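Novice: One structure is given below, represented as C-alpha cells, and several questions about it will come after.
Protein chains: 2
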Amino acid sequence: MSRGPVRRPTQADIARLAGVSQATVSLVLNERDSDIGISSTTRERVLAAMREWGYVANASARALAGGQNKIIGVYTFEPVFPTTSVDFYFPFLLGMEQAAAELGYDLLMFTSVGGERQVFRDGSTRLSLADGALLLGRDPNIEEIERLRDTGYPFVYVGHREVAGAPVSYVAADYAGATRQLTERLFELGHRRVAYARIGDGGAQPSQDREKGFRRAMPAGEARRLSGPVWTLESTEDVAGLLAEIRHGGVTAVVAEQVLLAEELLACAQRDGVSVPDDLSIVVLGDSTGARRTDTPWTGLVVPREQMGRQATHLLVRLLEAPEPVARRDNVACPLVPGATVAPPRREQ
Amino acid sequence: MSRGPVRRPTQADIARLAGVSQATVSLVLNERDSDIGISSTTRERVLAAMREWGYVANASARALAGGQNKIIGVYTFEPVFPTTSVDFYFPFLLGMEQAAAELGYDLLMFTSVGGERQVFRDGSTRLSLADGALLLGRDPNIEEIERLRDTGYPFVYVGHREVAGAPVSYVAADYAGATRQLTERLFELGHRRVAYARIGDGGAQPSQDREKGFRRAMPAGEARRLSGPVWTLESTEDVAGLLAEIRHGGVTAVVAEQVLLAEELLACAQRDGVSVPDDLSIVVLGDSTGARRTDTPWTGLVVPREQMGRQATHLLVRLLEAPEPVARRDNVACPLVPGATVAPPRREQ
DNA sequence: GCCAGGTCCTAATAGGTATTAGGTTTTCCG
DNA sequence: CGGAAAACCTAATACCTATTAGGACCTGGC
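As C-alpha cells, this is what we get:
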C-alpha cells in the first residue's frame with residue numbers, strides 16, 4: 057500500500073521493461089508499427105509491458121509533440137450557466153457529447169468569467185490542448201473568429217457564420233429552407249397577404265436566413281418590392297401597433313421570428329377579438345427557448361440543436377483526420393411542426 | 057495577408073524581442089518575478105512584448121513542465137446524453153461550469169461509448185491531462201475509485217461514497233438531515249405510525265442515508281425495532297399491496313424515497329378512495345428527475361445539484377492548490393419543499 | 001565471399017515551458 | 001578602494017512523446 061503520488065510509467069519505462077527503445081514503444085502505441093516495420097513478437101512484448109504496468113500516454117507531451125490528443129474543445133461565446141441560456145445550449149452539448157463518445161473524443165469545455173469571452177485571453181488559452189474546437193454562441197466575436205482562422209487551428213462553428221476573408225467551416229440549421237416551406241404552405245392555403253415580423257434588429261445571420269427564406273417564398277410580384285412586408289419591432293410594446301397595421305392592411309398570416317413575439321401577438325389578438333387561426337394564421341420560426349413555456353401549439357419549426365451538435369462534431373473530426381484546405385459548410389434540416397395556429401383565410405374578408 | 061498557419065510566438069520569441077532570456081519570460085509570466093528578483097523595467101519590457109505579439113502560453117508545454125493546467129476533469133460513470141439522464145446531470149454540470157469559470161479552470165468532460173464506463177481504459181485514459189477530476193454517477197464502479205485513489209490523483213466525488221481502505225473526498229447532499237427533518241415534522245403534526253418505502257434494493261449510499269435520517273427521527277420506542285417500518289418494493293406493481301398494508305397497519309404517513317413511487321401510491325390511493333393528504337400524508341425524498349412531470353405539489357426536498365457541483369469544484373480546487381493528506385467531506389443542505397401532500401392525521405381513525 | 005535489398009529497430013531531435021543552481025553586475029559599507 | 005552582500009538575470013535541464021534518418025542485421029543470389 058503505497059503512499060503519495062506514484063509516478064506513472066512513461067514510454068521510456070515501458071521500453072526498458074520490454075528491452076526496446078522508447079521510439080519503438082511510441083510506434084507500437086500509435087500503430088505505426090506495420091508501416092515502419094516492427095515484428096509482431098516485439099509488438100506483443102511492448103503491449104504486454106504496457107498492460108502490466110498500466111501505461112497511459114501523457115496527453116500534454118503528446119500534444120506538445122504534435123500528436124493527436126483525441127480532445128475536442130468546446131467554446132461558447134457566452135457563459136452557459138445563466139439559467140436562461142440552459143435550454144439553448146444544452147441540446148448542442150448533448151449532441152456533441154454523443155458524437156464525441158462515438159468517435160472516441162473527449163470534450164474540453166472552455167469557461168470564462170463574466171460576459172466578455174475571449175478565445176485569446178491574456179496569456180493562457182488552452183485551445184492548443186484540444187485537437188480542434190467547436191464554437192458556439194449567438195453573439196460571436198467576429199474578430200476572434202478571424203484571428204483563430206488565421207492561426208490555422210481547426211474549428212467548426214455551430215450556426216451560420218460569415219466572416220471577412222477566407223470562409224470558415226460551420227454547421228447551420230436550414231432556416232431559409234424551413235421558412236420558405238412554411239411560408240409557401242401559407243400561400244397554398246389561400247393566403248394572399250403574408251407578413252414577416254421580428255423583434256430586434258435582424259442583423260444576426262440566423263435572422264437574415266429566415267428572412268431570405270421568407271422572401272423566396274413570396275409570389276413574384278410581392279418579392280420585387282425590395283422592402284417587402286417585413287416588420288422589425290423594437291420591443292414587445294410595439295406588437296399591438298403591429299396587429300393593427302396587419303389587420304388594416306388585409307394581412308391574414310404572419311410569420312413571426314420569435315416565440316416571444318408570437319405569444320405577444322396572440323395575446324393582443326385575443327384582446328381584440330381576433331381569432332387565431334381563423335382570422336389570423338401565425339407561424340413561428342423559433343422554439344420556446346428563453347420564453348416562458350406556454351401550451352400554445354404553434355405551427356412552425358424545430359431548431360435541430362442536438363443534430364447540429366452531432367453533425368458539427370462529425371465534421372470537425374473529419375477535418376482533423378483528413379485536413380481539407382477549403383472550409384466546409386453543412387446544413388441541417390429543421391423539422392416542421394404542424395401545430396394548430398395556421399388555417400386557410402376566411403372566405404369573405 | 058499571410059497564408060497558411062501562423063506559428064504562435066513562444067517564450068523564446070518574446071525573450072528575443074525583449075532582449076532577455078526565455079527563463080525571464082517564464083518568471084514574469086508566472087509572477088514569480090518578485091520572489092526571484094526581476095526589475096520592474098525588465099518586467100514591463102517583457103509584458104509589453106507579450107502584449108504586442110499576442111503571446112499565449114502553450115498549455116501542453118506548461119503541463120508537461122509540471123505546471124498546473126487549470127483543467128478540471130469531469131468523469132461521469134454513465135453517459136450523460138441518454139435523455140432520461142439529462143435532468144439528472146445537467147444541474148451538476150451547471151454548477152461546475154459556474155465555479156470553474158470563477159476559479160479560472162476549464163472543464164474536460166470524459167466521454168465513452170456504451171454503458172461500460174471505465175476510468176482506466178485500455179491504455180488511454182486522459183485523466184492525467186486534468187489537474188484533478190470530479191467524479192459523478194449514480195452507480196459508480198467502486199474498484200475504479202479505489203484504484204484511482206491509490207494513484208494519488210486528486211479527485212472529488214459528487215455524492216456520498218464510501219469505499220474500502222482510505223476514505224475519498226466527496227461533496228454530498230445531506231439526505232439524512234433533510235429526511236430527519238421531514239419525518240420529525242410528520243410526528244409533530246400528530247402522526248404516530250409513519251412508514252418508509254422505496255423501490256429497488258436500497259443498497260446505494262443515498263438510499264441508506266435517507267433511511268438513516270428516517271430512523272433517527274423515529275421516536276425511541278419505534279427506533280428500537282431493528283427492521284423498522286421500512287418497506288422495500290421490487291417494482292411499481294407492488295405499490296397497491298403496500299397501500300393495503302399501510303392502511304391495515306394504521307399508518308397515516310409515508311416517506312417515499314422516489315417520486316415514481318409516490319406517484320404510484322397517489323394513483324392507488326385515488327383509486328381506493330383514500331384522500332391525500334387527509335387520509336394519508338406523503339413525503340417524497342427525491343425530485344422529479346426521470347419521472348414524467350406531473351403537477352402534484354409534493355412535500356419533500358430538493359436535491360441541491362447545482363450547489364453540489366459548485367461546492368465540489370471549489371473543494372477540488374482547494375485540494376489542488378494546497379494538497380491535504382486527508383480526505384475532505386462536505387455536506388450540502390437539501391432545501392425543504394412545503395408542498396401540499398402532508399397534513400395532520402384525521403382525528404378519529 | 002560479396003553485394004543488393006529487405007527487415008527491424010534505434011539515436012537523435014524537436015516541441016515550449018518551469019525550475020534551479022549559479023553567474024554577473026551593482027550596491028553598500030568600512 | 002576593496003570586499004561582501006544583494007540584486008538581477010541566465011544557462012542548463014527536465015518533462016514525455018512523435019518522427020525520421022539511418023544503422024545493424026539478415027536473406028538470397030551469384
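Those protein sequence lines, which keep their order, are chains A and B. The first sequence lines up with residues 57 to 405 when you count with this note's numbering. The second sequence lines up with residues 57 to 405 when you count with this note's numbering. Built from N, CA and C at the ideal position, the CB exists for glycine as well. Note that the coordinates shown come from a computational prediction; the quantities given were computed from them, not determined experimentally.
How far does the beta strand (DSSP E) with Trp-17 (chain B) in it extend, from its first residue to its last?
Specialist: The requested residue 17 (chain B) does not occur in the structure, where chain B is confined to residues 57 to 405.
Novice: Mind checking the stretch 197-221 of chain A against chain B and listing, in chain order, the residues whose C-beta falls within less than 9 angstroms of any C-beta there?
Specialist: So the list reads Arg-203, Asp-206, Thr-207, Gly-208, Tyr-209 and Gly-221, given in the order they occur along the chain.
Novice: If you drop the 5 nearest sequence neighbours on each side, which residues of the same chain put their C-beta closer than 6 angstroms to that of Ala-309 (chain B)?
Specialist: Your numbering for residue 309 (chain B) matches position 253 in the second sequence. The answer, listed in chain order, is Leu-242, His-247, Val-250 and Ser-337.
Novice: Bridge partners of Val-84 (chain B), per DSSP?
Specialist: Position 28 of the second sequence holds residue 84 (chain B). Partner(s): none; Val-84 (chain B) has no beta bridge.
Novice: List the whole-angstrom C-beta distance separating Thr-235 (chain A) from Arg-254 (chain A), where the pair is believed to meet the contact cut-off of C-beta under 8 angstroms.
Specialist: What you label residue 235 (chain A) is simply residue 179 of the first sequence in a count that begins at 1. What you label residue 254 (chain A) is simply residue 198 of the first sequence in a count that begins at 1. Their Cβ separation, rounded to whole angstroms, is 12 angstroms, which puts Thr-235 (chain A) and Arg-254 (chain A) out of contact at 8 angstroms.
Novice: Between the beta-carbon of Val-373 (chain A) and the beta-carbon of Thr-355 (chain A), is there less than 9 angstroms?
Specialist: In the first sequence, the residue the question calls residue 373 (chain A) occupies position 317. In the first sequence, the residue the question calls residue 355 (chain A) occupies position 299. Contact flag unset, no.
Novice: Quick one: any contact between the stretch 142-149 of chain B and the stretch 91-105 of chain B, if contact means 3 or more CB pairs under 8 angstroms?
Specialist: They do not touch, by the three-pair rule.
Novice: Taking 8 angstroms as the cut-off, is the CB of Ala-296 (chain B) close to at least one heavy atom of the ligand SAM?
Specialist: In the structure on display, the ligand SAM does not appear, and there are no ligands present to speak of.
Novice: Leaving out five residues on either side along the sequence, give the residues of the same chain with a beta carbon under 6 angstroms from the beta carbon of Glu-218 (chain B).
Specialist: On the second sequence, position 162 is the one that residue 218 (chain B) refers to. Closer than 6 angstroms at Cβ, skipping near neighbours: no residue.
Novice: Using a Cβ-Cβ cut-off of less than 7 angstroms, give me the residues of the stretch 305-332 of chain B that come near chain A, in sequence order.
Specialist: Of all residues in the stretch 305-332 of chain B, none has a Cβ within less than 7 angstroms of some Cβ in chain A.
Novice: Could you pull out every residue in the same chain whose Cβ sits closer than 8 angstroms to the Cβ of Asn-125 (chain A), ignoring the five residues on either side in sequence?
Specialist: On the first sequence, position 69 is the one that residue 125 (chain A) refers to. Within the same chain, Asn-125 (chain A) has close Cβ partners Ala-115, Arg-118, Ala-119, Leu-185, Ala-186 and Asp-187.
Novice: With 9 angstroms set as the bound, which would you pick, yes or no: does the beta-carbon of Thr-167 (chain A) sit closer than that to a beta-carbon of chain B?
Specialist: By one-based count along the first sequence, residue 167 (chain A) stands at place 111. Yes, because at least one Cβ of chain B sits closer than 9 angstroms to the Cβ of Thr-167 (chain A).
Novice: Does DSSP put Leu-336 (chain B) in a helix, a strand or coil?
Specialist: For the purposes of this step, residue 336 (chain B) is identified with residue 280 of the second sequence, where counting begins at 1. Of the three classes helix, strand and coil, the one that applies to Leu-336 (chain B) here is coil, per DSSP.
Novice: Return the CA-CA distance between Ala-318 (chain A) and Leu-192 (chain B), expressed in angstroms with no decimal places.
Specialist: Indexing the first sequence from 1 puts residue 318 (chain A) at position 262. Indexing the second sequence from 1 puts residue 192 (chain B) at position 136. Taking the straight line joining both Cα atoms gives about 40 angstroms.
Novice: By the 10 Å Cβ neighbour count, where 16 or more other Cβ atoms means buried, how is Arg-205 (chain B) classified, buried or exposed?
Specialist: Along the second sequence, one-based indexing puts residue 205 (chain B) at 149. That one is buried.
Novice: Is there a C-beta anywhere in chain A that falls below 9 angstroms from the one on Val-142 (chain B)?
Specialist: Mapped onto the second sequence, residue 142 (chain B) falls at position 86. Val-142 (chain B) counts as touching chain A.
Novice: Name the residue from A:Glu-158, A:Gln-67, A:Ala-396 and A:Phe-270 whose alpha carbon lies nearest to the alpha carbon of Pro-285 (chain A).
Specialist: Residue numbering aside, residue 285 (chain A) sits at position 229 when the first sequence is read from its first letter. Closest option to Pro-285 (chain A), Cα to Cα, is A:Phe-270.
Novice: Could you list which residues in chain A have their beta carbon closer than 9 angstroms to that of Ser-77 (chain B), in chain order?
Specialist: The residue labelled residue 77 (chain B) in the question sits at position 21 within the second sequence. Residues of chain A passing the Cβ test: none, with the nearest at roughly 18 angstroms.
Novice: When the cut-off is 9 angstroms and only beta carbons count, does Pro-391 (chain B) lie next to chain A?
Specialist: The residue given as residue 391 (chain B) occupies position 335 in the second sequence. It does not: the Cβ of Pro-391 (chain B) has no partner Cβ on chain A nearer than 9 angstroms.
Novice: How close, in whole Å, do the beta carbons of Ala-155 (chain B) and His-370 (chain B) come, if the pair is a contact with beta carbons under 8 angstroms?
Specialist: Taking the first residue of the second sequence as 1, we reach residue 155 (chain B) at position 99. Taking the first residue of the second sequence as 1, we reach residue 370 (chain B) at position 314. About 6 angstroms separates the two Cβ atoms, so the contact holds.
Novice: Is there a Cβ from chain A that is less than 9 angstroms from the Cβ of Phe-133 (chain B)?
Specialist: By 1-based counting over the second sequence, the position of residue 133 (chain B) is 77. Not closer than 9 angstroms to any Cβ of chain A, the Cβ of Phe-133 (chain B) fails to qualify, so no.
Novice: If you run the structure through DSSP and keep just helix, strand and coil, what is Tyr-16 (chain B)?
Specialist: Look at the range of chain B in this structure, 57 to 405, and you will see that residue 16 (chain B) is not part of it.
Novice: What residues in its chain sit with their C-beta under 8 angstroms from that of Trp-287 (chain B), if we drop five residues either side in the sequence?
Specialist: Reading the second sequence from its first residue, position 231 is the one you call residue 287 (chain B). Here the set comprises Ala-251, Tyr-252, Ala-253, Arg-254, Leu-298 and Glu-301.
Novice: Output needed in chain order: residues of the stretch 363-383 of chain B with a Cβ under 8 angstroms from some Cβ in chain A.
Specialist: Going along the stretch 363-383 of chain B in chain order, one finds no residue with a Cβ nearer than 8 angstroms to chain A.
Novice: Is DSSP giving Phe-133 (chain A) helix, strand or coil here?
Specialist: In the first sequence, counting from the first residue as 1, residue 133 (chain A) sits at position 77. In this structure, Phe-133 (chain A) counts as coil in the three-state DSSP scheme.
Novice: Got a sec? Which residues, its chain only, sit under 8 angstroms from Asp-178 (chain B) by beta carbon, not counting five neighbours each side?
Specialist: Start at 1 with the first residue of the second sequence, and residue 178 (chain B) comes out as number 122. With a pLDDT of only 38 at Asp-178 (chain B), under 50, the local geometry of the prediction cannot be trusted, and the value read off the model is given with reservation. Taken in chain order, the list of residues that qualify is empty.
Novice: Quick one: list the residues of chain A neighbouring Phe-146 (chain B), beta-carbon separation under 8 angstroms, in chain order.
Specialist: Here the question's residue 146 (chain B) lines up with position 90 in the second sequence. Going along chain A in sequence order, the residues near Phe-146 (chain B) (Cβ under 8 angstroms) are Val-142 and Phe-146.
Novice: Could you tell me which of B:Phe-148, B:Val-359 and B:Asp-334 sits nearest to Arg-403 (chain B), measuring between CA atoms?
Specialist: Reading the second sequence from its first residue, position 347 is the one you call residue 403 (chain B). Taking only the C-alpha atoms, the option nearest Arg-403 (chain B) is B:Asp-334.
Novice: Tell me which residues share the same chain as Thr-292 (chain B) and place their Cβ nearer than 8 angstroms to its Cβ, disregarding the 5 neighbours each side in the sequence.
Specialist: Within the second sequence, residue 292 (chain B) is the residue found at index 236, counting from 1. Correct list, in chain order: Ile-255, Leu-316, Leu-317 and Glu-320.
Novice: With a threshold of 7 angstroms on Cβ separation, who are the neighbours of Leu-150 (chain A) within its own chain once the five nearest residues in sequence on each side are excluded?
Specialist: In the first sequence, counting from the first residue as 1, residue 150 (chain A) sits at position 94. These residues qualify, in order along the chain: Glu-362 and Gly-365.
Novice: I need the DSSP call for Gly-365 (chain A), collapsed to helix, strand or coil.
Specialist: Counted from its first residue, the first sequence places residue 365 (chain A) at position 309. If DSSP states are grouped into helix, strand and coil, Gly-365 (chain A) belongs with the helices.
Novice: When you compare the CB of Leu-293 (chain A) with every CB in chain B, is at least one pair closer than 9 angstroms?
Specialist: By one-based count along the first sequence, residue 293 (chain A) stands at place 237. Checking the sequence, you will find Glu at residue 293 (chain A) rather than Leu. No, because no Cβ of chain B sits closer than 9 angstroms to the Cβ of Glu-293 (chain A).
Novice: Spell out whether any CB of chain B is found under 9 angstroms from the CB atom of Asn-125 (chain A).
Specialist: Taking the first residue of the first sequence as 1, we reach residue 125 (chain A) at position 69. So yes, Asn-125 (chain A) belongs to the interface.
Novice: Look at the Cβ atom of Ala-368 (chain B), then the Cβ atom of Asp-386 (chain B), and state whether they are nearer than 9 angstroms.
Specialist: Walking along the second sequence from the start, residue 368 (chain B) turns up at place 312. Walking along the second sequence from the start, residue 386 (chain B) turns up at place 330. Contact flag set, yes.
Novice: Chain A partners of Ala-119 (chain B), CB-CB under 7 angstroms?
Specialist: Residue 119 (chain B) sits at position 63 when you count from the first residue of the second sequence. Neighbours of Ala-119 (chain B) on chain A, chain order: Ser-116.
Novice: For Asp-162 (chain B) and chain A, any beta-carbon pair shorter than 9 angstroms?
Specialist: Translated into positions along the second sequence, residue 162 (chain B) becomes position 106. Output row for Asp-162 (chain B): interface = yes.
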